[in-house]
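All you need for my numbering is the position in the sequence shown, starting with 1, plus 81.
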Amino acid sequence: MANSETRSFRVAIIGAGPAGIGAGHELLKQGFKEFTIFDALDAPGGTWHLHSYPGLACDVWAHSYSFSYAPNPEWSANFVEAAEIQSYLARCASEFGLNPHMQLNTRVTRAHYQDNNTWLLQTSTGENHEFDVVINAMGNQHTPLYPNVPGMDSFTGESWHATRWNNDVDLTGKRVLIVGSAASAVQIVPEVAKIAGHLTVLQRSANWIMPRNWKEYTPSQQRRWRRFPFLMSLIRKIQGTMMGQVEHAVTLGHNRMGQFEKVATKFIDRSVDDPKVREALAPDSRYGCKRGLVSDDFYPALNRDNVDLVHAGLREVTADGAITDNGTKLEVDVIIYCTGYRILDFDRIEVIGQNGKNLANLMADNPRAHKGIAMPGFPNYFFAIGPNGLVLNVPYFKTAEKSLSTIVRLLTEMQGSDVTAISAKPEAFDHYNDWMADRFGSFSWGASDCNSYYRNASGHAPFLFPGNFKEYCRSQDEGGLHEYELIKT
Numbered sequence: 082m083a084n085s086e087t088r089s090f091r092v093a094i095i096g097a098g099p100a101g102i103g104a105g106h107e108l109l110k111q112g113f114k115e116f117t118i119f120d121a122l123d124a125p126g127g128t129w130h131l132h133s134y135p136g137l138a139c140d141v142w143a144h145s146y147s148f149s150y151a152p153n154p155e156w157s158a159n160f161v162e163a164a165e166i167q168s169y170l171a172r173c174a175s176e177f178g179l180n181p182h183m184q185l186n187t188r189v190t191r192a193h194y195q196d197n198n199t200w201l202l203q204t205s206t207g208e209n210h211e212f213d214v215v216i217n218a219m220g221n222q223h224t225p226l227y228p229n230v231p232g233m234d235s236f237t238g239e240s241w242h243a244t245r246w247n248n249d250v251d252l253t254g255k256r257v258l259i260v261g262s263a264a265s266a267v268q269i270v271p272e273v274a275k276i277a278g279h280l281t282v283l284q285r286s287a288n289w290i291m292p293r294n295w296k297e298y299t300p301s302q303q304r305r306w307r308r309f310p311f312l313m314s315l316i317r318k319i320q321g322t323m324m325g326q327v328e329h330a331v332t333l334g335h336n337r338m339g340q341f342e343k344v345a346t347k348f349i350d351r352s353v354d355d356p357k358v359r360e361a362l363a364p365d366s367r368y369g370c371k372r373g374l375v376s377d378d379f380y381p382a383l384n385r386d387n388v389d390l391v392h393a394g395l396r397e398v399t400a401d402g403a404i405t406d407n408g409t410k411l412e413v414d415v416i417i418y419c420t421g422y423r424i425l426d427f428d429r430i431e432v433i434g435q436n437g438k439n440l441a442n443l444m445a446d447n448p449r450a451h452k453g454i455a456m457p458g459f460p461n462y463f464f465a466i467g468p469n470g471l472v473l474n475v476p477y478f479k480t481a482e483k484s485l486s487t488i489v490r491l492l493t494e495m496q497g498s499d500v501t502a503i504s505a506k507p508e509a510f511d512h513y514n515d516w517m518a519d520r521f522g523s524f525s526w527g528a529s530d531c532n533s534y535y536r537n538a539s540g541h542a543p544f545l546f547p548g549n550f551k552e553y554c555r556s557q558d559e560g561g562l563h564e565y566e567l568i569k570t
């Protein structure tokens, strides 16, 4: 616990999603009380409060998709939808004592490092705030990514991106085109198929999909978890063991990859009636090159008489519909783009570090960070989950908790000393990123023949950590102030 007599730090946390809430919890736990959590929305929850598309749910088991220090015996099922997750996060923020630290409806637009070793933050309303430390806890599922095709503005019907769902449009009886067949589409398609007059799903490339095996929890199960909390810990351990197999399933040359692919292929065969559709749904990449998906009802939805799967990309949008890259013309009333997000979009905020360094410019083609949390030239600016800061074989919460504990540990080590700010040493930064670069090719998502959002246009794989959680923890635990340039008063 931080000594109350030592100098404190004023900390700005940008984002009130899981990482922002986790940052606030860790700061309070270690005795830091001068912090503000900024969020552009009107309530905590991050992506789970921002998005509202039908079918939105988490593809990680509920008991695992929780803070380790805040198990939830009230989960309604093994996989839960967005409203339940957002409610859990809002409740955690309140129970952790974070509400007095929240500044909602406030979008941070600029963060500039000052000569006095502080950060000046500006909001969209023009307000200025000075802080000693900034923790970027903004998530990745935010900025919509649209296809780069002509004619999108010419469409006379309604159109929108899944991340900005238009709840004012009734899709009942409409001819709907969904562009994309990945994470958001597998949740949206089954719901839209129930009400649309006709639904066309445009699939450029197939994805590996595992059955969700959704099960509702009974009141007796919930009572048991309330009475015996250790049972929830046991569930998390079992789920953790199962999720740990993902590391092997995405490792090139490991037998587990073929086993995962076999399970997914059998799922297609038993779920889809039409042989041609089954053939179109067979992925041509190895498991893990693209994000692995889970769904019980996407494949059955494709069996409906009012649903067509078109195995082609989008070439052009017209006034009354679209044209695929194989020349098929589609006349539709509504177009919904399920085409993903801009990952690691650091230009959402203008961040200027030492000597006028612009974070967005530095990250544009080659997003890198020191151990997923820091950058040279940006003193006391930390990422809750930065480049290569997400571990694939554990739930998001687990990685975030570890990264945040490292950040706050660094702040604690600075307390009581004459160190005002720290910046990752360029040599430590380069050494760490060179070490990772040698490992990317071992995984399907980092291989040179993988084309997915895990790899950018330059071929760099900036999103995932190339290893398992034990390796990530070891890397974090070995770190300390010796890896940083110390700026003293």
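Here a beta-carbon is modelled for each residue, glycine too, at the ideal position from N, C-alpha and C.
Exercise. Whose C-alpha, out of 278, 258, 195 and 374, is nearest the C-alpha of residue 395?
Worked result: Taking only the C-alpha atoms, the option nearest residue 395 is 258.
Problem set entry | Pick from 318, 120, 115 and 114 that is closest to residue 101, judged by C-alpha positions | Distances from the CA of residue 101 to each of 318, 120, 115 and 114 were compared; the closest alpha carbon is that of 120.
For this session: Return helix, strand or coil for residue 223, following the three-state DSSP convention.
Result: Of the three classes helix, strand and coil, the one that applies to residue 223 here is coil, per DSSP.
Problem set entry | Integer Cβ distance of residue 217 from residue 450, believed to fall under 8 Å | 10 Å between Cβ atoms; not a contact.
Exercise. What residue ranges within the segment 424–485 form continuous beta strand (DSSP E) runs of no fewer than 3 residues, ordered along the chain?
Worked result: 431–433 and 462–464, all fully within the segment 424–485.
For this session: Check whether the Cβ atoms of residue 361 and residue 392 lie closer than 8 Å to each other.
Result: A contact, by the Cβ cut-off of 8 Å.
Problem set entry | Meets three-Cβ-pair contact criterion under 8 Å: the segment 305–313 and the segment 281–288 | Using a Cβ-Cβ distance cut-off of 8 Å, the segment 305–313 and the segment 281–288 are not in contact, since fewer than three pairs of beta carbons, one from each stretch, lie closer than that value.
Exercise. Based on the DSSP secondary-structure assignment, which residues constitute the bridge partners of residue 388?
Worked result: DSSP output for residue 388 lists 280 as bridge partner(s).
Problem set entry | Cutoff 7 Å; reference residue 86; Cβ partners in own chain excluding five residues on either side | Because residue 86 sits at a pLDDT of 45, beneath the cut-off of 50, its placement in the model cannot be relied upon, and the point is left open.
For this session: Could you tell me whether the segment 499–511 touches the segment 374–386, where touching means 3 or more Cβ pairs closer than 8 Å?
Result: In short, these stretches do not touch, since the Cβ pair count stays below three.
For this session: Can you tell me which of 337, 390 and 159 puts its alpha carbon nearest to the alpha carbon of residue 377?
Result: For the residues 337, 390 and 159, the minimum Cα distance to residue 377 belongs to 159.
For this session: Could you pull the start and end residues of the beta strand (DSSP E) that residue 553 belongs to?
Result: Following the DSSP letters along the chain, one finds residue 553 in no beta strand (DSSP E) but inside the alpha helix (DSSP H) bounded by residues 550–559.
For this session: Using three-state DSSP, classify residue 193 as helix, strand or coil.
Result: Looking at residue 193 - three-state DSSP - the assignment turns out to be strand.
Exercise. Which partner residues of residue 272 appear in the DSSP bridge assignment?
Worked result: Bridge partners of residue 272: none, in fact.
Exercise. With DSSP run on the structure shown, which of helix, strand or coil describes residue 242?
Worked result: Strand at residue 242.
For this session: Could you tell me which uninterrupted alpha helix (DSSP H) segments, each at least 4 residues in length, are contained entirely in the segment 335–367, listed from first to last along the chain?
Result: Counting only runs of 4 or more, we get 336–352 and 356–361.
Exercise. Between the beta-carbon of residue 293 and the beta-carbon of residue 375, is there less than 8 Å?
Worked result: Result yes, Cβ atoms of residue 293 and residue 375 sit closer than 8 Å.
For this session: Just tell me which of 424, 186, 399 and 423 has its CA closest to the CA of residue 413.
Result: Answer by Cα proximity: 399.
Exercise. Pick from 170, 110, 547 and 367: whose alpha carbon is nearest that of residue 148?
Worked result: It is 170 whose Cα lies nearest to the Cα of residue 148.
For this session: Output the distance between the C-alpha atoms of residue 337 and residue 439, rounded to the nearest integer angstrom.
Result: The alpha-carbon separation between residue 337 and residue 439 amounts to approximately 42 Å.
Exercise. What residues match up with residue 203 in a beta bridge as DSSP calls it?
Worked result: DSSP lists 191 and 209 as partners of residue 203.
Exercise. Using the rule of at least 16 other Cβ atoms within 10 Å of the residue's Cβ for burial, across every protein chain shown, is residue 300 buried or exposed?
Worked result: It counts as exposed.
Exercise. Measuring CA to CA, which of 333, 404, 511 and 253 is closest to residue 235?
Worked result: Check the Cα spacing between residue 235 and each of 333, 404, 511 and 253: the tightest is with 404.
For this session: Note down the Cα distance separating residue 114 from residue 108, rounded to an integer number of angstroms.
Result: Cα-Cα distance, rounded: 7 Å.
Problem set entry | Nonlocal neighbours in the same chain, by C-beta distance under 6 Å from residue 106, ignoring five residues either side | 177.
For this session: Pick helix, strand or coil for residue 174, following the three-state DSSP scheme.
Result: Secondary structure at residue 174: helix, using DSSP grouped into helix, strand and coil.
For this session: Indicate the three-state DSSP secondary structure (helix, strand or coil) for residue 402 in the structure shown.
Result: In the three-state reduction of the DSSP assignment, residue 402 falls in the strand class.
For this session: Can you tell me the Cβ-Cβ gap for residue 553 and residue 472, rounded? I've got them flagged as a contact below 8 Å.
Result: About 5 Å separates the two Cβ atoms, so the contact holds.
Problem set entry | Meets three-Cβ-pair contact criterion under 8 Å: the segment 174–190 and the segment 119–134 | Short answer: they touch.
For this session: Tell me whether the beta-carbon of residue 214 lies closer than 8 Å to the beta-carbon of residue 492.
Result: Against a cut-off of 8 Å, the Cβ pair of residue 492 and residue 214 comes out as a contact.
For this session: Using the Cα positions of residue 278 and residue 390, report the straight-line distance between them to the nearest angstrom.
Result: Approximately 15 Å, taken between the alpha carbons.
Problem set entry | For residue 226 and residue 422, believed in contact at Cβ under 8 Å, the rounded distance | Yes, they are in contact, since the Cβ atoms of residue 422 and residue 226 sit about 5 Å apart, within 8 Å.
Exercise. When DSSP builds the beta bridges, which residues end up paired with residue 375?
Worked result: When beta bridges are read from the DSSP output, residue 375 appears opposite 291.
For this session: Compute the distance between the beta-carbons of residue 262 and residue 243, then report whether it is under 8 Å.
Result: Residue 243 is positioned such that its CB atom lies no closer than 8 Å to that of residue 262.
For this session: Use the C-beta contact count for residue 516: other C-beta atoms within 10 angstroms, 16 or more gives buried, fewer gives exposed.
Result: In this structure residue 516 is exposed. Its beta-carbon is surrounded by fewer than 16 other beta-carbon atoms within 10 angstroms.
Problem set entry | alpha helix (DSSP H) runs wholly inside the segment 300–334, at least 4 long, in chain order | 300–308 and 311–330, all fully within the segment 300–334.
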